[in-house]
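Down below is the structure, laid out as structure tokens.
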């Protein structure tokens, strides 16, 4: 929120773990204070092509693309109460995360609902984020995986002026050949359903399993993410020259595979 004050938003399921880790690190610095405000704050996500039209009449700031770019945040008010708007998305669509005091969440929620917003649950979010290839901690990425395998190397900055935890290990991994990659899959038949942990076959041999799965209503078929092994997983052409099948309820179903998002790989929706 300033040059010396920061807000960290993490998953509800890992709050205690992350807080413990941060406090352990901060104990070595005399000028660092960490305060857990989880019970005092609320976050409401408003996502979808109508997000701007619904939110603009309620927000005291200009939400036009030129005035409020993607990955920016602003302190303002929504429905007459203080809020921080962050233009970010975990579903690949136009949207904002609205952070406010917990006591004001109902006011904002009711105002959004009155303006036409509809509640959506975890499975709806999973469907959209898997179509976009967005990783989920605990399913698609864990301490046993590295960001190069997970396709997250674009966020690894090894040339930072200050050393960070894990830098040496990541530098060593970067120079090592990739033998596994996280891949997005879509079943070629629209009827079967993926639930997760289904085995992935590459040219008739088991090569991994599905880590996250849902039905992709936008792309018209079951979708999933999963790691596959290959002698040289760095070579995308070699990786995808194979035939992929996923076993669903004992039946092998042909699947299309991709490293990019299955839906809107150009990210035009969320940057509209």
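Numbering (my numbering), first residue to last: 1305 to 1576. Backbone N, C-alpha and C fix where the C-beta goes; we use that ideal spot for every residue, glycine too.
Residue range of the alpha helix (DSSP H) that includes residue i
{"i": "residue 1411", "result": "1409-1418"}
{"i": "residue 1504", "result": "Residue 1504 -> not in any alpha helix (DSSP H); beta strand (DSSP E) instead, spanning 1503-1506."}
{"i": "residue 1327", "result": "1319-1330"}
{"i": "residue 1495", "result": "Residue 1495 -> no alpha helix (DSSP H), and no H or E assigned at all."}
Span of the beta strand (DSSP E) around residue i
{"i": "residue 1351", "result": "1345-1351"}
{"i": "residue 1403", "result": "1399-1405"}
{"i": "residue 1543", "result": "Run containing residue 1543: none in the beta strand (DSSP E); it sits in the alpha helix (DSSP H), 1540-1543."}
{"i": "residue 1560", "result": "1555-1562"}
C-alpha distance - residue i paired with residue j, whole-angstrom precision
{"i": "residue 1377", "j": "residue 1553", "result": "45 Å"}
{"i": "residue 1508", "j": "residue 1422", "result": "44 Å"}
{"i": "residue 1353", "j": "residue 1512", "result": "35 Å"}
{"i": "residue 1558", "j": "residue 1536", "result": "23 Å"}
{"i": "residue 1320", "j": "residue 1445", "result": "18 Å"}
{"i": "residue 1400", "j": "residue 1530", "result": "28 Å"}
{"i": "residue 1411", "j": "residue 1420", "result": "15 Å"}
{"i": "residue 1358", "j": "residue 1392", "result": "16 Å"}
{"i": "residue 1425", "j": "residue 1409", "result": "17 Å"}
{"i": "residue 1395", "j": "residue 1544", "result": "26 Å"}
{"i": "residue 1581", "j": "residue 1467", "result": "Shown here, the chain extends from 1305 to 1576; a query on residue 1581 therefore has no answer."}
{"i": "residue 1465", "j": "residue 1328", "result": "23 Å"}
{"i": "residue 1436", "j": "residue 1518", "result": "12 Å"}
{"i": "residue 1488", "j": "residue 1433", "result": "11 Å"}
Given residue i as reference, the closest of the options once Cα atoms are compared
{"i": "residue 1455", "options": "1403, 1440, 1535 and 1358", "result": "1440"}
{"i": "residue 1372", "options": "1362, 1389, 1385 and 1381", "result": "1389"}
{"i": "residue 1522", "options": "1529, 1448, 1494 and 1359", "result": "1494"}
{"i": "residue 1486", "options": "1393, 1515 and 1424", "result": "1515"}
{"i": "residue 1345", "options": "1364, 1335 and 1311", "result": "1311"}
{"i": "residue 1429", "options": "1545, 1520, 1336 and 1564", "result": "1520"}
{"i": "residue 1343", "options": "1551, 1327 and 1405", "result": "1405"}
Burial state of residue i, where buried means 16 or more other Cβ atoms lie within 10 Å
{"i": "residue 1473", "result": "exposed"}
{"i": "residue 1341", "result": "exposed"}
{"i": "residue 1567", "result": "buried"}
{"i": "residue 1309", "result": "exposed"}
{"i": "residue 1462", "result": "exposed"}
{"i": "residue 1475", "result": "exposed"}
{"i": "residue 1364", "result": "exposed"}
{"i": "residue 1414", "result": "exposed"}
{"i": "residue 1313", "result": "exposed"}
{"i": "residue 1561", "result": "buried"}
For residue j and residue i, believed in contact at Cβ under 8 Å, the rounded distance
{"i": "residue 1490", "j": "residue 1532", "result": "Not a contact, Cβ separation roughly 14 Å."}
{"i": "residue 1548", "j": "residue 1504", "result": "7 Å"}
Test: residue i CB closer than 8 Å to a CB of chain D
{"i": "residue 1463", "result": "In the structure shown, chain D cannot be found, because there is only a single protein chain."}
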